[in-house]
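Structure first, then comments.
Written as structure tokens, this is what we have:
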């Protein structure tokens, strides 16, 4: 069981781990030992995550989100299974905590009259500068 916040905990049935061969450091040991971790979190079926958090998590996860609604996190940074497992769990916790923060609603504003005037004056000045770049009269 992984505790994210006071309200949100992930149960063991929501997580599955699979160990695969790593492409990272390890020398000849890389070819023999499966140290990389694939952590699969069944996010869509999770009863502890609210719907809006799931939607933000899907957006944050990007290509790591599967069609079935699972989130797959891999870690092959370290040479040991234990450290890679802890790294993958920390990545998952960080992603869920990032999804918990509701983005601030943007209130659209109109440009001020002074800023509109400055923009038009800048455009006119640029147009005059370009108009002077024309061909030179030989007389």
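In full-length UniProt numbering, the protein residues as written are 1 to 139.
For glycine and all other residues, C-beta sits at the position ideal for the given N, C-alpha and C.
- If you compare the alpha carbons of 41, 28, 19 and 36 with that of residue 9, the shortest gap goes to 41.
- Residue environment: residue 118 is assigned as exposed (fewer than 16 neighbouring CB atoms within 10 Å of its CB, all protein chains considered).
- Between the beta-carbon of residue 88 and that of residue 75 there is about 4 angstroms, and that keeps the pair under the 8 angstroms contact cut.
- Cα atoms of residue 46 and residue 90: separation of roughly 18 angstroms, rounded to the nearest angstrom.
- Contact annotation: the segment 30-44 touches the segment 68-86, with at least three C-beta pairs closer than 8 angstroms.
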